[in-house]
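Q: If you're matching positions, the sequence shown starts at 2 in my numbering and goes up one per residue.
Idealized CB from N, CA, C, for every residue including glycine.
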Amino acid sequence: MDYVIQDHKSDSLKTEVPGVEPSIVYEGTIDASSPIGIFDSGVGGLTVARAIMEQLPQESVIYIGDTAHSPYGPKPIAQVRELSMRIGDELVARGCKMIVIACNTATSAALRDLRERYSIPVVGVILPAVRRAVATTRNGKIGVLGTQGTIASGAYQELFAASPGVDVYAQACPSFVSFVERGITSGRQILGVAQGYTEGLQAAGVDTLVLGCTHYPLLTGVIQLAVGDNVTLISSSEECVKDVLKTLSRNDMLADAATDKQPIRSFESTGDPALFEQLAMRFLGPHVTHVEKLREV
């Protein structure tokens with residue numbers, strides 16, 4: 002799908018979405034130096050932010066972790082959609098040139114609506130991972146680990162259905178996000194949980210496993226140990242960045258790498274900023290120096 006990026010003035014963003022208030026309008030000008038807006042229910046989306054900052058170091062980033070409403074996985078789709086709309090409006094109001102939904106659950110719930118609502122590109126994390134998994138599998142048996150909401154939505158299953166000869170085995174992993182949000186990414190307990198979640202996938206003979214939640218790349222070590230080295234892990238976070246680069250390049254909106262201007266890196270949380278900052282600094286290191294408290298959007 003092609004996108005046209007416009008200067009957002011007057012009523013350019015006032016797209017009506019049933020059940021949701023009209024979008025906030027950004028009155029300024031959006032250009033290549035404008036930031037990329039990224040959001041997730043918590044720290045998991047930092048895996049996407051990290052990949053963007055490492056592969057596109059000239060880009061400015063505004064990251065919002067909606068920890069006040071985390072986790073999204075068990076919530077009704079309608080609620081996740083509404084939360085996503087509110088954060089999307091916040092990012093648009095700040096003049097972002099693109100929105101990256103760094104959350105599989107929010108992507109499955111709200112990607113289509115956000116694309117209809119805004120004139121800027123909106124990129125999700127599901128389709129890029131599906132493409133890579135289909136290109137990677139050798140025996141056509143692909144597993145997907147995700148939150149309850151993502152798996153129940155059928156978003157992955159629907160996209161994989163377009164690829165003949167592919168069998169999909171989806172497994173909800175309701176405990177993984179809470180482990181990551183508490184900073185637990187290794188150890189005997191989480192390994193045991195991972196082994197339990199992947200037992201059925203291994204019995205099915207999957208050779209490719211999609212980490213269908215942006216929190217899960219932070220558990221790559223234990224998941225790989227649980228499934229063995231013969232199973233290839235696909236990170237939805239890493240694959241998403243390829244779509245970000247392609248979309249910005251196609252619209253001639255990549256930030257100038259030759260400029261002396263330092264990119265802006267803003268990290269905000271709707272919940273406890275101190276806890277978020279602690280985890281963000283652990284997972285992103287020098288990329289994060291401070292986390293602001295954002296009012297509930």
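Taking the straight line between their C-alpha atoms, what separation do you get for residue 289 and residue 251?
A: 29 angstroms
Q: Could you name each continuous alpha helix (DSSP H) segment of 4 residues or more that falls completely within the stretch 224 to 271, going from the start of the chain to the end?
A: 237 to 251
Q: Taking all protein chains shown into account, do 16 or more other C-beta atoms lie within 10 angstroms of the C-beta of residue 163, making it buried, or fewer, making it exposed?
A: exposed
Q: Ordered along the chain, which non-local residues of its own chain (more than five positions away) have a Cβ less than 7 angstroms from that of residue 112?
A: 102, 123, 125
Q: Among the candidates 41, 148, 150, 230, whose CA atom is the shortest distance from the CA of residue 87?
A: 41
Q: Between the Cα of residue 34 and those of 287, 293, 266, spot the shortest distance and give me the residue it belongs to.
A: 266
Q: Examine the Cβ distances between the stretch 161 to 176 and the stretch 126 to 137 and report whether three or more of them are shorter than 8 angstroms.
A: Output reads yes: the stretch 126 to 137 touches the stretch 161 to 176.
Q: What are the boundary residues of the beta strand (DSSP E) that residue 64 is part of?
A: 62 to 66
Q: I need the DSSP call for residue 172, collapsed to helix, strand or coil.
A: strand
Q: Heavy atom of the ligand GDP less than 6 angstroms from the Cβ of residue 293, yes or no?
A: As far as ligands go, the structure on display features none, and thus does not contain the ligand GDP.
Q: Indicate whether residue 185 and residue 156 have their beta-carbon atoms separated by less than 7 angstroms.
A: no
Q: Tell me, please, whether the stretch 204 to 211 touches the stretch 63 to 72 by the rule of three or more beta-carbon pairs shorter than 8 angstroms.
A: no
Q: Where does the unbroken beta strand (DSSP E) through residue 147 begin, and where does it stop?
A: 142 to 147
Q: Considering only the alpha carbon of each residue, which of 295, 53, 262, 100 lies closest to residue 271?
A: 295
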